[in-house]
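Enquirer: A single structure is presented below for examination.
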Amino acid sequence: MPRLNPVFANLSAYPIAALEAKKRRVAESGVRIFDFGTGDPREPTPEFIRQALLDAVAPRCGYPSVRGRPPVREAIAGYMQRRFGVGVDPSTQVLPTAGSKEAVFHTPLLVIDKDADDDLVIFPDPGYPAYQRGALFAGGTPYAVPLTEDHIFRPWLLPSDVLSRARLMWSNSPHNPSGAVTPLADLQRTVDLCRKYDILLVSDETYTDVYQGDDVPHSMLECGVEGVLALHSLSKRSGMTGYRSGFLCGDPTIIAQLATLRSNPGLVPQDFVNAAAAVAWADDAHVEKRREIFAEKKLLFLDFFDEVGIEALGRSSTIYLWIKTPDGQTDVEWADRLLAAGIVVSPGPMFGVSGAGAGYVRLALVPSMPVCREAIAVWRTLL
Ligand SMILES: Cc1ncc(COP(=O)(O)O)c(C=O)c1O
Numbered sequence: 391m392p393r394l395n396p397v398f399a400n401l402s403a404y405p406i407a408a409l410e411a412k413k414r415r416v417a418e419s420g421v422r423i424f425d426f427g428t429g430d431p432r433e434p435t436p437e438f439i440r441q442a443l444l445d446a447v448a449p450r451c452g453y454p455s456v457r458g459r460p461p462v463r464e465a466i467a468g469y470m471q472r473r474f475g476v477g478v479d480p481s482t483q484v485l486p487t488a489g490s491k492e493a494v495f496h497t498p499l500l501v502i503d504k505d506a507d508d509d510l511v512i513f514p515d516p517g518y519p520a521y522q523r524g525a526l527f528a529g530g531t532p533y534a535v536p537l538t539e540d541h542i543f544r545p546w547l548l549p550s551d552v553l554s555r556a557r558l559m560w561s562n563s564p565h566n567p568s569g570a571v572t573p574l575a576d577l578q579r580t581v582d583l584c585r586k587y588d589i590l591l592v593s594d595e596t597y598t599d600v601y602q603g604d605d606v607p608h609s610m611l612e613c614g615v616e617g618v619l620a621l622h623s624l625s626k627r628s629g630m631t632g633y634r635s636g637f638l639c640g641d642p643t644i645i646a647q648l649a650t651l652r653s654n655p656g657l658v659p660q661d662f663v664n665a666a667a668a669v670a671w672a673d674d675a676h677v678e679k680r681r682e683i684f685a686e687k688k689l690l691f692l693d694f695f696d697e698v699g700i701e702a703l704g705r706s707s708t709i710y711l712w713i714k715t716p717d718g719q720t721d722v723e724w725a726d727r728l729l730a731a732g733i734v735v736s737p738g739p740m741f742g743v744s745g746a747g748a749g750y751v752r753l754a755l756v757p758s759m760p761v762c763r764e765a766i767a768v769w770r771t772l773l
């Protein structure tokens with residue numbers, strides 16, 4: 391038997407993997423499954439994006455470069471300008487990534503020195519599980535910041551001895567799992583704080599284009615570029631989870647260092663994926679259509695939850711609803727009860743490090759509208 395990395399050996403399975411195993415067991419018993427677990431929407435990828443990928447598969451595809459070819463970086467710069475009014479130089483400030491998860495996992499490798507006292511990686515709790523895991527594998531110390539009722543991340547409330555030991559901070563707005571959107575003034579405060587303490591700030595903006603209503607999320611880069619990176623993804627924006635496509639952009643010095651770091655493992659999206667990404671980032675019409683689909687699904691569930699007295703957060707952004715467990719049951723008990731009827735939801739603690747997320751379950755609005763309606767009919771029978 392190989393001797394294992396203790397970080398790996400001591401970690402439980404990635405939370406979604408554990409949920410998948412539970413779901414399989416129920417499905418094998420013959421129960422029809424309504425899967426609101428993993429955030430992998432079922433809507434097809436727009437045809438013009440698929441075609442762009444197919445057209446780019448040349449008779450010979452050579453090694454892609456870490457920075458990617460100019461067209462994808464130019465399309466990304468165009469998107470940042472259109473969407474946020476932020477100008478970035480495509481040759482120095484943009485780095486395509488193979489989805490955003492790997493960037494969350496690998497970015498700590500740039501700044502963490504496992505032998506130093508200042509080895510903290512700060513992130514919101516509950517939050518996306520890869521923030522903690524990336525910190526651990528890089529040899530850093532995860533520092534989970536418990537979020538209060540409104541789920542807004544306010545790192546300026548942390549004690550200065552914590553901030554002075556931090557090298558990396560993750561912010562995530564709109565926030566998975568709660569859907570909370572951080573106001574621009576609070577983003578600015580976060581940027582100012584990280585500059586004061588010389589902390590690399592990475593803003594995970596994976597859900598920035600999936601909003602419902604008028605509260606349009608901002609980018610951290612609207613508050614300045616020095617010491618700041620924004621992380622984006624086509625997974626939810628364009629229905630491209632399987633393509634593995636995203637980008638980091640911001641401070642050109644850090645982008646250059648990351649490009650060098652990432653050349654070691656060869657963390658490089660394929661050129662044909664970048665070709666599809668280029669047309670996706672250049673187009674907003676398909677994103678608008680997807681927004682309408684998720685708004686419709688949210689309304690359907692919110693009408694149901696409001697009618698039966700279930701409290702839900704995340705009403706205006708992300709593909710999720712973050713719902714409070716009814717009195718007298720734990721989140722796991724409630725999720726198990728729903729699962730026995732075929733409805734898969736994620737118990738809140740799956741997203742928490744220090745007990746955060748308890749008392750909630752997350753519903754990912756990924757099935758189609760007709761399936762959502764059927765699931766609600768099943769859910770009613772449980773009330
Ligand atoms: C907050 C957040 N960041 C990053 C990711 C990773 O997304 P992807 O790797 O598909 O771009 C997810 C996926 O659900 C997420 O919720």
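All residue numbers for the sequence shown refer to the working numbering, where the first residue is 391 and numbers rise by one. The beta-carbon is built from N, C-alpha and C at its ideal position, and this holds for glycine as well.
Suppose contacts are defined by Cβ-Cβ distances below 8 Å. Is G704 in contact with G569 by that definition?
Expert: Yes, Cβ-Cβ distance for G704 and G569 is below 8 Å.
Enquirer: Ignoring anything shorter than 4 residues or poking outside the segment 654 to 687, list the alpha helix (DSSP H) runs there in chain order.
Expert: Qualifying alpha helix (DSSP H) stretches, in chain order: 661 to 671.
Enquirer: Mind checking E678: buried by the 16 CB within 10 Å criterion, or exposed?
Expert: It counts as exposed.
Enquirer: Using the Cα positions of A685 and A672, report the straight-line distance between them to the nearest angstrom.
Expert: Spanning the two alpha carbons is a distance of roughly 23 Å.
Enquirer: How would the residue list near ligand 1 read, in chain order, if you kept each one whose beta-carbon is closer than 6 Å to any heavy atom?
Expert: Cβ-based neighbours of ligand 1 within the cut-off: G429, G489, S490, K491, V494, Y518, N562, N566, D594, T596, S623, S625, T631, G636.
Enquirer: Quick check: what's the CA-CA separation for I709 versus D503?
Expert: The straight-line gap from Cα to Cα measures roughly 36 Å.
Enquirer: Using only alpha-carbon positions, find the residue among V761, A730, S625 that is nearest to L772.
Expert: The option with the nearest alpha carbon to L772 is A730.
Enquirer: What is the DSSP secondary structure of M610, reduced to helix, strand or coil?
Expert: Three-state result, M610: helix.
Enquirer: Three-state secondary structure (DSSP) at N562?
Expert: Looking at N562 - three-state DSSP - the assignment turns out to be strand.
Enquirer: Between V768 and I512, what straight-line distance do the alpha-carbon atoms span, to the nearest angstrom?
Expert: Roughly 40 Å between the two C-alpha positions.
Enquirer: Relative to the C-alpha of F694, which residue among R770, Q441, I645, D726 is closest?
Expert: Ranking R770, Q441, I645, D726 by Cα distance to F694 puts R770 first.
Enquirer: Can you look up F426 in the DSSP assignment and give me helix, strand or coil?
Expert: Looking at F426 - three-state DSSP - the assignment turns out to be coil, as it is neither helix nor strand.
Enquirer: Using the C-alpha atoms, what's the distance from E433 back to R627?
Expert: So the alpha carbons of these two residues sit roughly 11 Å apart.
Enquirer: Quick one, which of G458, L611, D594, V581 has its alpha-carbon nearest F474's?
Expert: For F474, the nearest C-alpha among the options comes from L611.
Enquirer: Using DSSP with H/G/I as helix, E/B as strand and the rest coil, what is G636?
Expert: The answer is strand: DSSP assigns G636 an E or B state.
Enquirer: Have a look at N566, I766, L500 and flag the residue whose alpha-carbon is nearest the alpha-carbon of L690.
Expert: Per the Cα distances, I766.
Enquirer: Let me make sure I understand the geometry here. Which of E682, M470, P545 has the alpha-carbon closest to that of A620?
Expert: The residue with the shortest Cα to Cα distance from A620 is M470.
Enquirer: Going by DSSP, which residues form a beta bridge with L689?
Expert: In the DSSP output, where bridge partners are listed per residue, L689 has none listed.
Enquirer: Answer with buried or exposed for T580, where buried requires no fewer than 16 other C-beta atoms within 10 angstroms of its C-beta.
Expert: It counts as buried.
Enquirer: When you compare the CB positions of I683 and F424, do they come within less than 8 Å of one another, or not?
Expert: Not closer than 8 Å, so no.
Enquirer: What's the gap between the Cα of R557 and the Cα of L648?
Expert: Approximately 15 Å, taken between the alpha carbons.
Enquirer: Helix or strand or just coil, what does DSSP make of S550?
Expert: Helix.
Enquirer: In the structure shown, what three-state DSSP assignment does H541 receive?
Expert: Three-state DSSP puts H541 in coil, outside helix and strand.
Enquirer: Does Q483 pass the burial test, meaning 16 or more other C-beta atoms within 10 Å, or should it be called exposed?
Expert: With 16 or more Cβ atoms within 10 Å of its Cβ, Q483 is classed as buried.
Enquirer: Quick one: using the 10 Å Cβ neighbour count with 16 as the cut-off for buried, is N664 buried or exposed?
Expert: That one is buried.
Enquirer: Out of V658, P498, G530, L526, state which residue places its alpha-carbon closest to the alpha-carbon of L591.
Expert: Looking at the Cα atoms, P498 is the closest of the given residues.
Enquirer: Residues bridged to A649 by DSSP?
Expert: None; A649 has no bridge partner.
Enquirer: Roughly how many angstroms lie between the CA atoms of T435 and S554, to the nearest whole one?
Expert: Approximately 44 Å between the Cα atoms of the pair.
Enquirer: Pick helix, strand or coil for R705, following the three-state DSSP scheme.
Expert: In this structure, R705 counts as coil in the three-state DSSP scheme.
Enquirer: Counting Cβ pairs closer than 8 Å, one from the segment 742 to 749 and one from the segment 573 to 588, do we hit at least three?
Expert: The answer is no - the segment 573 to 588 does not touch the segment 742 to 749, with fewer than three Cβ pairs under 8 Å.
Enquirer: So T487 and L638 are supposed to be a Cβ contact under 8 Å. How far apart are they, rounded?
Expert: Right, the Cβ-Cβ distance comes to about 6 Å (below 8 Å), so this counts as a contact.
Enquirer: Can you grab the Cα-Cα spacing for the pair H541 / L692, in whole Å?
Expert: Going by the C-alpha atoms only, they are around 19 Å apart.
Enquirer: When burial is assigned at 16 or more other CB atoms within 10 Å of the CB, is P655 buried or exposed?
Expert: Its Cβ having fewer than 16 others within 10 Å, P655 is exposed.
Enquirer: List the endpoints of the continuous beta strand (DSSP E) containing Y518.
Expert: Where Y518 is concerned, there is no enclosing beta strand (DSSP E), given that its DSSP letter is neither H nor E.
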